[in-house]
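When the letters of the sequence shown are read in order and numbered with the UniProt record's numbering, they come out as residues 1 to 82. By construction, the Cβ of each residue, glycine as well, lies at the ideal position given by its N, Cα and C atoms. In this text the structure is predicted, and so the values were computed from the model without any measurement.
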Amino acid sequence: MSALEILQFVMVVDCYPNISVAYRILLTVHVTVASAERSSSKLKLLKNYLRSTMLQDRLNDLAMCCIEKDISDNVDLDCALN
1 MSALEILQFV MVVDCYPNIS VAYRILLTVH VTVASAERSS SKLKLLKNYL
51 RSTMLQDRLN DLAMCCIEKD ISDNVDLDCA LN
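Right, here's the structure in full:
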């Protein structure tokens with residue numbers, strides 16, 4: 001059984017409503033930790049590479065670009081520059 005199937009079963013049976021809430025929290029914790037780890041790893045790489053030559057605002061902007069890479073890949077650069 002997958003985690004999603006277990007969650008669906010717990011929600012259908014509904015004899016212990018707190019179990020479904022606890023299971024949903026348990027399933028989301030790993031995703032939250034992974035994305036936070038990815039963000040801090042990217043920021044560490046940026047800081048090590050450009051630490052001495054950059055202002056804080058530029059560092060923040062570059063960090064956001066690295067963290068939100070999925071969104072920035074879909075931006076039309078020609079439209080953004082004009």
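With a threshold of 6 Å on Cβ separation, who are the neighbours of residue i within its own chain once the five nearest residues in sequence on each side are excluded?
{"i": "Ser-72", "result": "Cys-65"}
Helix, strand or coil: how does DSSP classify residue i here?
{"i": "Glu-5", "result": "helix"}
{"i": "Tyr-16", "result": "coil"}
{"i": "Leu-55", "result": "coil"}
{"i": "Asn-60", "result": "helix"}
{"i": "Asn-74", "result": "coil"}
{"i": "Asn-48", "result": "helix"}
Whose C-beta lies closer than 7 Å to the C-beta of residue i among residues of the same chain, with five residues either side of it excluded?
{"i": "Ala-3", "result": "Leu-27"}
In chain order, what residues of the same chain lie with their CB nearer than 8 Å to the CB of residue i, ignoring the 5 residues before and after it?
{"i": "Ile-6", "result": "Tyr-23"}
Determine the contact status of residue i and residue j, defining contact as a CB-CB distance below 8 Å.
{"i": "Leu-43", "j": "Ala-63", "result": "yes"}
{"i": "Ile-19", "j": "Val-10", "result": "yes"}
Using only the heavy atoms of the ligand MG, determine whether one of them is closer than 7 Å to the beta carbon of residue i.
{"i": "Arg-58", "result": "Within the structure as shown, the ligand MG is missing, as the structure has no ligands at all."}
Would residue i count as contacting chain B if we go by Cβ distances under 8 Å?
{"i": "Asp-70", "result": "Here chain B cannot be found, since the structure has a single protein chain."}
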